[in-house]
Amino acid sequence: MTCSIAPGKIILFGEHFVVEGYPAIGLAVGLYARTCVEEGDLKIYSRQLGPIDPSSKEAKPYMRIIEEASIRYGCRNRYRIYIDSEIPVGAGMGSSAAVNVSLAHSLLETCGVEFTKEDVSRIAYLGEIMVHGKPSGVDNTLSTYGGLVYYRQGLFKRLNTSLPENIALIVADTGVKRDTGLVVREVLERYRRLGELGRAIYEVAGRLVEEAVVAIEKGDVSRLGELMIVNHGLLFAMGASAWINDYLVYKMINNGAQGAKLSGAGRGGIVIGIAGLENAGKIVKALKTEKVNAYLVKPDYEGVRSINTRISP
869 MTCSIAPGKI ILFGEHFVVE GYPAIGLAVG LYARTCVEEG DLKIYSRQLG
919 PIDPSSKEAK PYMRIIEEAS IRYGCRNRYR IYIDSEIPVG AGMGSSAAVN
969 VSLAHSLLET CGVEFTKEDV SRIAYLGEIM VHGKPSGVDN TLSTYGGLVY
1019 YRQGLFKRLN TSLPENIALI VADTGVKRDT GLVVREVLER YRRLGELGRA
1069 IYEVAGRLVE EAVVAIEKGD VSRLGELMIV NHGLLFAMGA SAWINDYLVY
1119 KMINNGAQGA KLSGAGRGGI VIGIAGLENA GKIVKALKTE KVNAYLVKPD
1169 YEGVRSINTR ISP
């Protein structure tokens, strides 16, 4: 049995604005999906969902990955697959991509062929198509390579830097599910209605991302936090936020976070914050008093990789 893990992700800056060609920055984080693969009769088991029928909708991305591995590498098409994920589902943290990436990696390892991370990302993307229709590719890219990724109009560039070690990343899951496609459409409708003013907001959002890259490279935590707050304000202005997102942003800042914002589609999903290590525990505790699932997460700079721990039904 061969096992792999792949990280989830958050969007640090620029979500929604990428749709109109402006840049964004994503970060892989240490919440993981894990898959194990062994040769045998075709069975799929999820620790969260139980047995998954290979002919079901839920199995389509996994079957597509198996099919592609068979076509490109001559792998067999019958495996036992075990899945375990700690990434919140439907929260904008790339849960499906992490599963697809870890599955592609463990499957190719089991097959015994030579492959690269680029191969893993490409095959996982085909699984993502089965889930999302027209995915951007950022989720599988971050999950495969880890670290910080700057992306714009389908072009991805891994930033050869890291976040300052003296800060903590906090993720708060609102628990509110939303129709991502609907939010994206309604934000775009507002952008078009606003005309020149909408374009000005998007221009500012693009410049903000470039400023954030500089702040990350300099390790300027104060500047980074301030830019996160401004980014949240721009997203609020375009209709991407909801009261729960705004409330949790204030909750984090009032308890010592240097910056906070919604991450992903918004109107629920997750809120992220950065804080000094001395305030991180206080912030998480304050969030949990609100019955919010909150996590301290670390950046993941490795991406997908093999592990020795096995999963069994």
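Residues are numbered in this note's numbering as their position in the sequence shown, beginning at 1, plus a constant of 868. Using N, Cα and C, we set each Cβ at its ideal position, and we do this for glycine too.
Taking the continuous beta strand (DSSP E) assigned at residue i, which residues delimit it?
i: R948; result: 947-953
i: A892; result: 892-907
i: F881; result: 870-881
i: K1129; result: 1127-1131
i: R1173; result: 1173-1175
i: Y1163; result: 1161-1165
i: Y1169; result: Per DSSP, Y1169 belongs to no beta strand (DSSP E) and is neither H nor E.
Measuring CA to CA, which of the options is closest to residue i?
i: A874; options: Y1013, I949, V887, I991; result: Y1013
i: S923; options: S914, K1045, L910; result: L910
i: I1112; options: T978, S1131, T984, I1175; result: S1131
i: L1155; options: M1120, L975, G942; result: M1120
i: G1137; options: Q916, V905, G1043; result: G1043
i: A901; options: S1030, E1064, I955, R1046; result: I955
i: T1177; options: T903, G882, H884; result: T903
i: H1100; options: Y930, V1072, G1087; result: V1072
i: V969; options: D1047, R932, L1095; result: R932
i: A1083; options: S872, F881, K925, M869; result: F881
i: G1142; options: L1065, R944, I879; result: In the sequence as displayed, the identity of residue 1142 is Ile instead of Gly. Here the closest residue by C-alpha is I879.
i: G1022; options: N1034, L1010, S1004; result: S1004
i: D899; options: Q916, R940, A966; result: Note on residue identity: the sequence assigns Leu, not Asp, to residue 899. That would be A966, whose Cα lies nearest to the Cα of L899.
i: Y1163; options: G1171, K1150, I1175, S1174; result: K1150
i: S1057; options: M869, V887, I1175; result: Note that residue 1057 corresponds to Glu in the displayed sequence, not to Ser. The shortest Cα separation from E1057 among M869, V887, I1175 belongs to V887.
i: T1048; options: S938, A937, E883; result: E883
i: S938; options: R1135, G1171, Q916, I991; result: I991
i: I1069; options: S1090, G1093, A1105, R1135; result: A1105
i: K1045; options: K985, G1134, I1097, E935; result: G1134
Below 8 Å on the Cβ atoms is my contact criterion, and I expect residue i with residue j to pass it. Report the Cβ-Cβ distance as a whole number of Å.
i: V1051; j: A1108; result: 6 Å
i: V957; j: H973; result: In fact, because the Cβ distance is near 20 Å, the residues do not count as touching under 8 Å.
i: G1124; j: N1161; result: About 20 Å; that fails the 8 Å criterion.
i: D1007; j: K877; result: 6 Å
i: E996; j: S964; result: 7 Å
i: R1020; j: G889; result: 7 Å
i: S1030; j: P929; result: Not really, about 31 Å apart at Cβ, beyond 8 Å.
i: R944; j: E982; result: In fact, because the Cβ distance is near 17 Å, the residues do not count as touching under 8 Å.
The alpha helix (DSSP H) that contains residue i, what's its start and end?
i: K925; result: Premise fails: K925 is in no alpha helix (DSSP H) and is neither H nor E.
i: L1155; result: 1145-1156
(message) With a threshold of 8 Å, are at least 3 pairs of Cβ atoms found where one atom belongs to the segment 1012-1027 and the other to the segment 892-899?
(response) Using a Cβ-Cβ distance cut-off of 8 Å, the segment 1012-1027 and the segment 892-899 are in contact, since at least three pairs of beta carbons, one from each stretch, lie closer than that value.
(request) Only counting runs of 3 or more residues, tell me where the beta strand (DSSP E) segments fall wholly within the segment 980-1036, in order along the chain. (result) Taken in chain order, the unbroken stretches of beta strand (DSSP E) that lie wholly in the segment 980-1036 and span 3 residues or more are 1016-1020, 1023-1027.
(message) I want to know whether the segment 1075-1092 touches the segment 1052-1067 - three or more CB-CB distances under 8 Å.
(response) They do not touch, by the three-pair rule.
(request) Go through the segment 1045-1121 residue by residue and report every complete run of the alpha helix (DSSP H) that reaches 4 residues or more, in order. (result) 1048-1062, 1064-1086, 1089-1105
(message) Using a Cβ distance threshold of 8 Å, determine whether the segment 1127-1142 contacts the segment 1033-1040, with at least three qualifying pairs required.
(response) Contact between the segment 1127-1142 and the segment 1033-1040 is present, because at least three Cβ pairs lie under 8 Å.
(message) Under 8 Å: do the segment 940-953 and the segment 966-982 share three or more Cβ pairs, one atom per stretch?
(response) yes
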